[in-house]
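>
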Amino acid sequence: MAAAAADPNALVRQGMNKFRKNDVEGSVADFDAALAARPAIRPYLWQRGLSLYYLQQYEEGAQQFRDDVAVNPNDTEESIWAFLCEAQLIGPDAARQQFLQVGRDPRPVMRAAYECFKTGSDPQAIVQAAGSDMQGHDAFYALLYVGLWHEAHSDSEAAQAAITQAVRTAYAKQSGDYMCALAMVHCQRRGWEA
Numbered sequence: 191m192a193a194a195a196a197d198p199n200a201l202v203r204q205g206m207n208k209f210r211k212n213d214v215e216g217s218v219a220d221f222d223a224a225l226a227a228r229p230a231i232r233p234y235l236w237q238r239g240l241s242l243y244y245l246q247q248y249e250e251g252a253q254q255f256r257d258d259v260a261v262n263p264n265d266t267e268e269s270i271w272a273f274l275c276e277a278q279l280i281g282p283d284a285a286r287q288q289f290l291q292v293g294r295d296p297r298p299v300m301r302a303a304y305e306c307f308k309t310g311s312d313p314q315a316i317v318q319a320a321g322s323d324m325q326g327h328d329a330f331y332a333l334l335y336v337g338l339w340h341e342a343h344s345d346s347e348a349a350q351a352a353i354t355q356a357v358r359t360a361y362a363k364q365s366g367d368y369m370c371a372l373a374m375v376h377c378q379r380r381g382w383e384a
């Protein structure tokens, strides 16, 4: 543990592992320790922003994502997550007025998600962007972001339906993708059976 305490990279990995186990509080402690050890990593610590969202520390989470987009102006997901944090604070319409502009995402699902969050348009376009993929990467991401869109718009029933479906995809069960762990944490934190 002493070696991890001195190594920001080890602390970030440790924080990510804690998050995957739904120890969101512990993950933030590790991310903050990494940040204290090497302040220059702040704009690259998107995992911390996700953890802050689940701890309902929306203002700090939004700032974390805004810092990320400042150094990576093509980061679609961090733009959306800044909006998600801000929507919890000021509502989706007001959050949309300060939506972060980013470059064009080459991934059709994330491009559709960005447009739906930015404009408030029907999130069914995100699912349509996944095409015929019903169990893979695109299906998972489409369902996750549809659910998050509904959560930002205070429709917990639709959010639950989409995110629980996302965690049941083959991709979520087999990939090891951090966002698949996030979807499971999302369900656990809300008491949803996944």
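Under the working numbering, the sequence shown has 361 at position 171, and the numbering climbs by one with no breaks. Glycine included, every Cβ here is placed at the ideal spot set by N, Cα and C.
1) Can you list, in chain order, the residues of its chain with a C-beta nearer than 6 Å to that of Q355? Leave out the 5 residues immediately preceding and following it.
2) Between which two residues does the alpha helix (DSSP H) containing R286 stretch?
3) Compute the beta-carbon to beta-carbon distance between F330 and C377, rounded to the nearest angstrom, for a pair I have assumed lies under 8 Å.
4) Would you decide whether G293 is buried or exposed? Buried here means 16 or more other CB atoms lie within 10 Å of its CB.
5) Following the continuous alpha helix (DSSP H) through I231, name the residue where it begins and the one where it ends.
6) Tell me, to the nearest whole angstrom, how far the beta carbon of L290 is from that of V259; I am working on the premise that it is less than 8 Å.
7) Does the CB of W236 have a neighbour CB from chain D at under 9 Å?
8) Does DSSP put V261 in a helix, a strand or coil?
9) If I'm right that Y361 touches G326 with Cβ under 8 Å, what's the distance once you round it to whole angstroms?
Result, derived from the coordinates:
1) L333
2) 282-287
3) Incorrect: roughly 13 Å between the Cβ atoms, too far for contact.
4) exposed
5) Neither: I231 is in no alpha helix (DSSP H) and is coded neither H nor E.
6) About 5 Å; that satisfies the 8 Å criterion.
7) You won't find chain D in this structure, because it holds only one protein chain.
8) It is helical.
9) 5 Å
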